[in-house]
Amino acid sequence: MRELRALEPDFWRAPSAHNTQPWTLTYAADEVAVGWDPSRALPVSDPTGRDLRLSLGAFVECCLIVCADAGLSIGFHHDPGPLRVGFLRAAARPYETAFTTADVRARGANRGEYQPGGLPAETAERLTGMRRLACRDLEDLLHAADLHQFGDREVTRELRQWLRLTRRHRRYLLDGLSDRALALSRVEAFALRASLALYPALRRLGLPRVLAGASRGLLDYDGDVLVLVGPVDQEVEMGRLLMRHWLTLSGLGYTTHPLSQLIDDERTRAALAGLLDVADPRTLLHVARVGRPKAPAAPSARLRD
Numbered sequence: 042m043r044e045l046r047a048l049e050p051d052f053w054r055a056p057s058a059h060n061t062q063p064w065t066l067t068y069a070a071d072e073v074a075v076g077w078d079p080s081r082a083l084p085v086s087d088p089t090g091r092d093l094r095l096s097l098g099a100f101v102e103c104c105l106i107v108c109a110d111a112g113l114s115i116g117f118h119h120d121p122g123p124l125r126v127g128f129l130r131a132a133a134r135p136y137e138t139a140f141t142t143a144d145v146r147a148r149g150a151n152r153g154e155y156q157p158g159g160l161p162a163e164t165a166e167r168l169t170g171m172r173r174l175a176c177r178d179l180e181d182l183l184h185a186a187d188l189h190q191f192g193d194r195e196v197t198r199e200l201r202q203w204l205r206l207t208r209r210h211r212r213y214l215l216d217g218l219s220d221r222a223l224a225l226s227r228v229e230a231f232a233l234r235a236s237l238a239l240y241p242a243l244r245r246l247g248l249p250r251v252l253a254g255a256s257r258g259l260l261d262y263d264g265d266v267l268v269l270v271g272p273v274d275q276e277v278e279m280g281r282l283l284m285r286h287w288l289t290l291s292g293l294g295y296t297t298h299p300l301s302q303l304i305d306d307e308r309t310r311a312a313l314a315g316l317l318d319v320a321d322p323r324t325l326l327h328v329a330r331v332g333r334p335k336a337p338a339a340p341s342a343r344l345r346d
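For the sequence shown, position 175 matches number 216 in my numbering, and the numbering has no gaps at all.
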């Protein structure tokens, strides 16, 4: 258990919505419970817990990869309970994986500009469960999803709680979405901070439309968006699969930018399901654009750094 605890900083490199890092590890003599801190969940923007369970699955996968790379024989036992998804326990042999701790450290999201060009067909075919769409096919849907997000007072308030738009923020080096991680200039970060501070007064004057318009051209290029489609009752396992896909892409020089707002709004989720010819919109679990970034992104802050 001491050896496993020493590896925690690398476990924490897993991705999570708004970089909330909701996971918890509770140690016992011969097992570690993997759970979450409810204060780090997103009850407004993620009411069903979809993103929470995906991030916990990604966290489990990081734990297993890092432990295997350190020579520890650790397995995961799915056993949901109150604020818990399962246990890390001793196994007969290390977890079999093609990835290493270095791969976990190298992976990251990039919200900046991407070079034009889609994924090669052979790369896309390796990503089980992923469906691919052209970026430009989703421009209008993304704008509608952003309008819905910024038009909802409670969703915007929750987002604001996790934004770190100035380095003077007391949690700038711990968690949340920083100006650097969002690829914002100082002027852009200041404008967004000021706009959100005045949100109650400016909402009726059209502020949501202005904020949504800021990303209007985000998908106006020759690129790809990936949509993970899978069973709604296996989101932890799908989160593990998603983590493996992101590590595969990272190893090939690609990065991703989550666009979960497309499936947070029921209308845009249904429209996206129609584009993909998917019967049940609930099976759309994750959306992200993918490509080669024009510039490297700053790594997101981590509680265990």
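Here a beta-carbon is modelled for each residue, glycine too, at the ideal position from N, C-alpha and C.
Alpha carbon to alpha carbon, how far is residue j from residue i? Give it in angstroms, no decimals.
i: Leu303; j: Ala185; result: 8 angstroms
i: Phe191; j: Ala311; result: 19 angstroms
i: Gly158; j: Asp265; result: 8 angstroms
i: Pro121; j: Val75; result: 9 angstroms
i: Val273; j: Arg323; result: 7 angstroms
i: Thr296; j: Glu102; result: 18 angstroms
i: Leu97; j: His286; result: 15 angstroms
i: Leu160; j: Leu300; result: 18 angstroms
i: Glu49; j: Pro123; result: 22 angstroms
i: Trp203; j: Leu218; result: 6 angstroms
i: Gly315; j: Ala255; result: 26 angstroms
i: Asp51; j: Leu325; result: 29 angstroms
i: Leu93; j: His119; result: 15 angstroms
Judging by CA-CA distance, which residue of the options is the nearest neighbour of residue i?
i: Leu66; options: His59, Pro334, Trp53, Thr141; result: Trp53
i: Ala238; options: Leu200, Ser226, Val75, Ala222; result: Leu200
i: Asp187; options: Ile115, Pro249, Asp321; result: Pro249
i: Tyr213; options: Pro334, Pro340, Val85; result: Pro340
i: Val328; options: Ser226, Thr309, Arg167; result: Thr309
i: Thr289; options: Leu259, Leu300, Ser57, Thr164; result: Thr164
i: Val251; options: Tyr262, Ser236, Ser57, Arg91; result: Ser236
i: Arg205; options: Thr197, Arg234, Arg198; result: Arg234
i: Asp39; options: Ala132, Ile106, Arg46, Leu183; result: Missing from the structure shown is residue 39; the chain here goes from 42 to 346 and no further.
i: Asp193; options: Val85, Leu283, Tyr68, Glu166; result: Val85
i: His189; options: Ala99, Ala253, Gln156; result: Ala253
i: Arg257; options: Leu179, Glu276, Gln202; result: Leu179
i: Glu154; options: Phe117, Ser291, Tyr262, Val277; result: Tyr262
i: Cys176; options: Leu313, Ala338, Ala342, Leu344; result: Leu313
i: Ala222; options: Pro135, Val319, Pro337; result: Pro337
i: Thr61; options: Asp87, Ala82, Arg146, Ala242; result: Ala82
i: Gly90; options: Val126, Ala320, Arg343, Gly292; result: Val126
i: Thr207; options: Glu195, Ser114, Phe231; result: Phe231
Grab the span of the beta strand (DSSP E) containing residue i for me, first residue to last.
i: Met171; result: 171-175
i: Pro50; result: First-last for Pro50: 49-52, but that is the alpha helix (DSSP H), not the beta strand (DSSP E).
i: Thr32; result: The question about residue 32 has no answer here: the residues shown for the chain are numbered 42 through 346.
Could you give the DSSP three-state label for residue i: helix, strand or coil?
i: Tyr240; result: helix
i: Gly192; result: helix
i: His119; result: strand
i: Phe128; result: strand
i: Gly280; result: helix
i: Arg323; result: helix
i: Val251; result: helix
i: Glu137; result: coil
i: Leu344; result: coil
i: Ala230; result: helix
i: Gly264; result: coil
i: Leu168; result: coil
i: Leu113; result: coil
i: Ala58; result: helix
i: Gly159; result: coil
i: Arg94; result: helix
i: Glu72; result: strand
i: Leu288; result: helix
Mind checking which residues open and close the alpha helix (DSSP H) that includes residue i?
i: Leu316; result: 307-317
i: Thr142; result: 142-147
Open item on the list: Between the stretch 125-142 and the stretch 106-117, can you find at least three pairs of beta-carbon atoms closer than 8 angstroms?
Closed with: These segments touch.
Task: Segment contact flag, the stretch 283-301 with the stretch 325-334, C-beta cutoff 8 angstroms, min 3 pairs - done: Between the stretch 283-301 and the stretch 325-334 there are three or more C-beta pairs closer than 8 angstroms, enough to call the two in contact.
Open item on the list: Can you confirm whether the stretch 158-173 touches the stretch 255-269 when touching is taken to mean that 3 or more C-beta pairs between the two stretches lie within less than 8 angstroms?
Closed with: Judged by Cβ distances under 8 angstroms, the stretch 255-269 makes contact with the stretch 158-173, as three or more pairs qualify.
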